[in-house]
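Number of protein chains: 2
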Amino acid sequence: MSFEGQPPAKMRLLRAAAELLANSAGAPVSTRQITQLAGVSAPTLYHHFGDKEGLFDAVVSAGFEEYVAGERDFAPSGQPLEDIKRMWDNHVQFGLNQPELYLVMFGNIRPESRPAIVADAEALMEEMLNKAAAAGQLSVQPREAARSILAANVGVTLMLIAEAVADRNLDLSTMTRDAMIFAVASDQAEQGAGEASGKSSVVVAAIALNAALQASHSDQLSSSELKLFLEWLHRISTSPST
Amino acid sequence: MSFEGQPPAKMRLLRAAAELLANSAGAPVSTRQITQLAGVSAPTLYHHFGDKEGLFDAVVSAGFEEYVAGERDFAPSGQPLEDIKRMWDNHVQFGLNQPELYLVMFGNIRPESRPAIVADAEALMEEMLNKAAAAGQLSVQPREAARSILAANVGVTLMLIAEAVADRNLDLSTMTRDAMIFAVASDQAEQGAGEASGKSSVVVAAIALNAALQASHSDQLSSSELKLFLEWLHRISTSPST
DNA sequence: TAGCACCTATAGCAACGCTATATGAACTGC
DNA sequence: GCAGTTCATATAGCGTTGCTATAGGTGCTA
Chain S
1 MSFEGQPPAK MRLLRAAAEL LANSAGAPVS TRQITQLAGV SAPTLYHHFG
51 DKEGLFDAVV SAGFEEYVAG ERDFAPSGQP LEDIKRMWDN HVQFGLNQPE
101 LYLVMFGNIR PESRPAIVAD AEALMEEMLN KAAAAGQLSV QPREAARSIL
151 AANVGVTLML IAEAVADRNL DLSTMTRDAM IFAVASDQAE QGAGEASGKS
201 SVVVAAIALN AALQASHSDQ LSSSELKLFL EWLHRISTSP ST
Chain G
1001 MSFEGQPPAK MRLLRAAAEL LANSAGAPVS TRQITQLAGV SAPTLYHHFG
1051 DKEGLFDAVV SAGFEEYVAG ERDFAPSGQP LEDIKRMWDN HVQFGLNQPE
1101 LYLVMFGNIR PESRPAIVAD AEALMEEMLN KAAAAGQLSV QPREAARSIL
1151 AANVGVTLML IAEAVADRNL DLSTMTRDAM IFAVASDQAE QGAGEASGKS
1201 SVVVAAIALN AALQASHSDQ LSSSELKLFL EWLHRISTSP ST
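Top to bottom, those sequences are chains S and G.
For the first sequence, counting from 1, position 80 maps to 80 in my numbering; every step adds exactly one.
So the mapping is simple: my numbering equals the position in the second sequence, first residue as 1, plus 1000.
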């Protein structure tokens, strides 16, 4: 989070606010904490930022610039849909790296407060999707696709933030990401890659049987048999897709 | 939001908090406002709820029960994937009807505060997806599908809440919804014959898996394991129909 | 009637966001 | 070189916030 080029007190306030916010674990951060850490007095804050929300807006704004920079950073790969995947992953990583900032940016958005950030993020995504559309790889309007993908991206990131760090499973992100991209991609886009070709019918059937068994309490197998059976079933249904 | 059955002061506090929260437009709601509207004094609030957050938790909890009730309300249509669509739409509608409550529930979730709500919502979705899986309509694990769909559902709802009421476009929801459902649905999804044929879904699924295994030479199980597995599968699939 | 839980109220504390007012420093015009 | 203006910061304090120490009422059971 770079605040260079600001007058010293203003910059220190931004830094202090960002640091306290990042370490607050959700607890509210007071102006007194901020001004004390910044080594200035209360009115200085209000002179520079108007009010507390103005200061937080500035922090968010700096955070968003960092986010945008991250999104633009990698060179386009020539495969727009691959770039979208990286954009998605970058978004998730940003949220997980700075959860408090992310929650302020995307978790608390109200119509009257700051949809500007959302619009900017959408524009960023749309820009990338335009390239895909130009390459004939899109089956829906780039704008609609961008809104849809971003919404799912935000949802996934929030869910991951809500989870304890230990059991965060990025498969959720990967799966949702690929589902969304596949949905907006035109049919001829992915062939050859083989990646999106769907799972084998064995897996499908195993998943179905597993669900059916859970729901039915069949008594055809003893409990010990059932235990082993389910274990094998799980092994089959989580086999790497062929 | 029904608070019946509560002691009068407690109930009035819940009602007052819910009402003020709903009309607050994002502005913080003070305990003094709440207690005044409820016609009680400050300590009463703390006697019943511990602190302000406890009161809000109770409001959220009541709101969540309403949400769950809404999700369970409609009769299953026999087409699980259609039910999932209605579940999605119901989720979005709940969020748009009570945006402040929704933001507290899903916009501010931190690992240490309340992932319980998320887990419950996931369980609800998973329950419905199990039916789809039992009907052979799912190509991924119900749990993963539920997490993924719910994440996208939350993201879409938050984005719609963030938009001014005038330009809310529910196409975003419809499009994302169908993309997610399509992504988790298996290819042969629409046949629906399994349920109609009179056999239990366990048997149908076992038969399907048996057939698929015969055809595929999966190597997830050793040959001896596979032998026993197939025997059990046979026992299940020839069980007297329920 | 005594005792006991439960529920509620009076009064007030520390911390909060914010501001009226004032002081020093830096630049501007003449 | 110096008055005037503007910018940046500080002292002190206002009203409101979440919350509580303490105590008074109310309806039970014995």
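The C-beta atom is built at its ideal place from N, Cα and C for all residues, glycine as well.
**Report entry** G/Leu1138 - DSSP class collapsed to helix/strand/coil
**Finding:** For the purposes of this step, residue 1138 of chain G is taken as the residue at position 138 of the second sequence. In the structure shown, G/Leu1138 sits in a strand (DSSP, three-state: E or B).
Report task. Consult DSSP for G/Ala1025 and reduce its assignment to one of helix, strand or coil. Result -> Indexing the second sequence from 1 puts residue 1025 of chain G at position 25. Three-state DSSP puts G/Ala1025 in coil, outside helix and strand.
Requested in this report: Could you tell me how far apart the beta carbons of G/His1048 and G/Leu1020 are, in whole angstroms, since I believe they sit closer than 8 Å?
Outcome: Here residue 1048 of chain G is taken as the residue at index 48 of the second sequence, counted from 1. Here residue 1020 of chain G is taken as the residue at index 20 of the second sequence, counted from 1. Their Cβ separation, rounded to whole angstroms, is 16 Å, which puts G/His1048 and G/Leu1020 out of contact at 8 Å.
Requested in this report: Quick one: grab the DSSP three-state call for S/Ala206.
Outcome: What you label residue 206 of chain S is simply residue 206 of the first sequence in a count that begins at 1. Residue state, collapsed to three classes: helix.
Query - Member of S/Asn169, S/Ala179, S/Gln220, S/Ala185 whose CA lies at the smallest distance from the CA of S/Gln137 - result: Translated into positions along the first sequence, residue 137 of chain S becomes position 137. That would be S/Ala185, whose Cα lies nearest to the Cα of S/Gln137.
Query raised in the report: Taking G/Asp1219 as the reference, which of S/Arg235, S/Phe229, S/Leu158, S/Leu228 has the closest Cα?
Result: On the second sequence, position 219 is the one that residue 1219 of chain G refers to. If we check each option's Cα against that of G/Asp1219, S/Arg235 comes out closest.
Requested in this report: Going by DSSP, name the residue or residues bridged to S/Ala185.
Outcome: As a position in the first sequence, residue 185 of chain S is number 185, starting the count at 1. DSSP lists S/Leu138 as partners of S/Ala185.
Requested in this report: Return the residues of the segment 1133–1149 of chain G that lie within a Cβ-Cβ distance of less than 9 Å from chain S, sorted by chain order.
Outcome: Ala1133, Ala1134, Ala1135, Gly1136, Gln1137, Leu1138, Ser1139, Val1140, Gln1141, Pro1142, Glu1144, Ala1145, Arg1147, Ser1148, Ile1149
Query raised in the report: Does any C-beta atom of chain S lie closer than 8 Å to the C-beta of G/Arg1015?
Result: The count along the second sequence starts at 1 and reaches residue 1015 of chain G at position 15. Chain S, which has no Cβ nearer than 8 Å to the Cβ of G/Arg1015, makes this no.
Report task. In the DSSP assignment, find the alpha helix (DSSP H) that holds S/Gln220 and state where it starts and stops. Result -> Counting from 1 along the first sequence, the entry for residue 220 of chain S is found at position 220. Per DSSP, S/Gln220 belongs to no alpha helix (DSSP H) and is neither H nor E.
Report task. For the alpha helix (DSSP H) containing G/Asp1167, list its first residue and its last residue. Result -> In the second sequence, the residue the question calls residue 1167 of chain G occupies position 167. Neither: G/Asp1167 is in no alpha helix (DSSP H) and is coded neither H nor E.
Query - Beta-carbon proximity list for G/Thr1174, same chain, < 7 Å, skipping 5 on both sides - result: Along the second sequence, read from residue 1 onward, the residue named residue 1174 of chain G stands at position 174. Excluding positions up to five away in sequence, the list is empty.
Query raised in the report: When DSSP labels each residue in this structure, what does G/Gly1243 get in the three-state scheme?
Result: Because chain G here runs from 1001 to 1242, residue 1243 of chain G falls outside it and cannot be looked at.
Query - Beta-carbon neighbours of S/Met180, restricted to chain G and to distances below 9 Å - result: Taking the first residue of the first sequence as 1, we reach residue 180 of chain S at position 180. Per Cβ cutoff of 9 Å: Ala1152, Thr1176, Ala1179, Met1180, Ala1183.
**Report entry** Rounded Cβ spacing between G/Arg1147 and S/Leu172 (contact assumed at less than 8 Å)
**Finding:** Position 147 of the second sequence, counting from 1, holds the residue named residue 1147 of chain G. Position 172 of the first sequence, counting from 1, holds the residue named residue 172 of chain S. That belief holds up - the Cβ atoms of G/Arg1147 and S/Leu172 are roughly 5 Å apart, short of 8 Å.
Query raised in the report: Under 8 Å, do S/Ile149 and S/Phe64 count as touching if we go by C-beta distance?
Result: To locate residue 149 of chain S, count along the first sequence from 1; it is residue 149. To locate residue 64 of chain S, count along the first sequence from 1; it is residue 64. Not in contact: S/Ile149 and S/Phe64 (Cβ atoms no closer than 8 Å).
Report task. Would you mind stating whether G/Phe1229 and S/Phe229 have Cβ atoms separated by less than 8 Å? Result -> One-based indexing of the second sequence puts residue 1229 of chain G at position 229. One-based indexing of the first sequence puts residue 229 of chain S at position 229. Result yes, Cβ atoms of G/Phe1229 and S/Phe229 sit closer than 8 Å.
Requested in this report: Please confirm if S/Gly26 has its CB atom under 8 Å from at least one CB of chain G.
Outcome: The sequence position of residue 26 of chain S within the first sequence is 26, counting from 1. With 8 Å as the cut-off, S/Gly26 counts as an interface residue toward chain G.
Query raised in the report: How long is the line joining the alpha carbons of S/Phe182 and S/Trp88, rounded to whole angstroms?
Result: On the first sequence, residue 182 of chain S is found 182 positions in, with the first residue counted as 1. On the first sequence, residue 88 of chain S is found 88 positions in, with the first residue counted as 1. Cα to Cα, the separation comes out at about 13 Å.
Query raised in the report: With a CB to CB cut of under 6 Å and the five nearest residues on each side skipped, what residues in its chain are close to S/Pro91?
Result: Taking the first sequence and counting its residues from 1, the one referred to as residue 91 of chain S is at position 91. The sequence as given places His at residue 91 of chain S; Pro does not occur at that position. Excluding positions up to five away in sequence, the list reads Asn153.
Query - Nonlocal neighbours in the same chain, by C-beta distance under 7 Å from S/Glu71, ignoring five residues either side - result: Taking the first residue of the first sequence as 1, we reach residue 71 of chain S at position 71. Taken in chain order, the residues that qualify are Met87, Asn90, Leu124.
Query - Interface residues of the segment 93–111 of chain S facing chain G [CB-CB below 8 Å] - result: Pro99, Leu103, Phe106, Gly107, Asn108, Ile109, Arg110, Pro111
Query - Test item: CB-CB of G/Gln1098 and G/Ala1022 under 8 Å - result: Working through the second sequence from its first residue, we reach residue 1098 of chain G at position 98. Working through the second sequence from its first residue, we reach residue 1022 of chain G at position 22. Yes, these two residues count as a Cβ contact at 8 Å.
Query - Integer Cβ distance of G/Thr1031 from G/Thr1044, believed to fall under 8 Å - result: Residue 1031 of chain G sits at position 31 when you count from the first residue of the second sequence. Residue 1044 of chain G sits at position 44 when you count from the first residue of the second sequence. No, G/Thr1031 and G/Thr1044 are not in contact; Cβ-Cβ is about 10 Å, not under 8 Å.
Query raised in the report: So, is G/Asn1130 buried or exposed, given that buried needs 16 or more other C-beta atoms within 10 angstroms?
Result: Sequence index remark: in the second sequence, residue 1130 of chain G carries index 130 (1-based). So G/Asn1130 counts as buried.
**Report entry** Within 8 Å, strictly: CB atoms of S/Met159 and G/Ala1151
**Finding:** In the first sequence, the residue the question calls residue 159 of chain S occupies position 159. In the second sequence, the residue the question calls residue 1151 of chain G occupies position 151. Yes, these two residues count as a Cβ contact at 8 Å.
Report task. Note the first and the last residue of the continuous alpha helix (DSSP H) segment covering G/Arg1072. Result -> Residue 1072 of chain G sits at position 72 when you count from the first residue of the second sequence. From DSSP, the alpha helix (DSSP H) with G/Arg1072 extends over 1052–1073.
Query raised in the report: Would you say S/Ile279 faces chain G, with C-beta separation under 8 Å as the test?
Result: With chain S represented from 1 up to 242, any question about residue 279 of chain S goes unanswered, as that position is not in the structure.
Query raised in the report: Excluding sequence positions up to five away, which residues of its chain have a Cβ less than 7 Å from the Cβ of S/Leu209?
Result: For the purposes of this step, residue 209 of chain S is taken as residue 209 along the first sequence, with counting starting at 1. Only Leu233 meet the Cβ criterion.
Query - Residue environment, S/Phe74, which counts as buried when at least 16 other CB atoms sit within 10 Å - result: Here residue 74 of chain S is taken as the residue at index 74 of the first sequence, counted from 1. That one is exposed.
Requested in this report: Taking the CB atoms as reference points, tell me whether G/Gly1155 and S/Gly155 lie closer together than 8 Å.
Outcome: As a first step, residue 1155 of chain G is located in the second sequence; it is residue number 155 there, counting from the start. As a first step, residue 155 of chain S is located in the first sequence; it is residue number 155 there, counting from the start. Yes, Cβ-Cβ distance for G/Gly1155 and S/Gly155 is below 8 Å.
Query raised in the report: So, is the C-beta of S/Arg235 closer than 8 Å to a C-beta in chain G?
Result: Within the first sequence, residue 235 of chain S is the residue found at index 235, counting from 1. Cβ-Cβ to chain G under 8 Å: yes for S/Arg235.
Query raised in the report: The alpha helix (DSSP H) with S/Met103 in it runs from where to where?
Result: Here residue 103 of chain S is taken as the residue at index 103 of the first sequence, counted from 1. What sits at residue 103 of chain S in the sequence shown is Leu, not Met. Unbroken run through S/Leu103: none, as it is neither H nor E.
Query raised in the report: For S/Val156 and chain G, any beta-carbon pair shorter than 8 Å?
Result: The residue you call residue 156 of chain S lines up with position 156 of the first sequence. Interface residue, yes.
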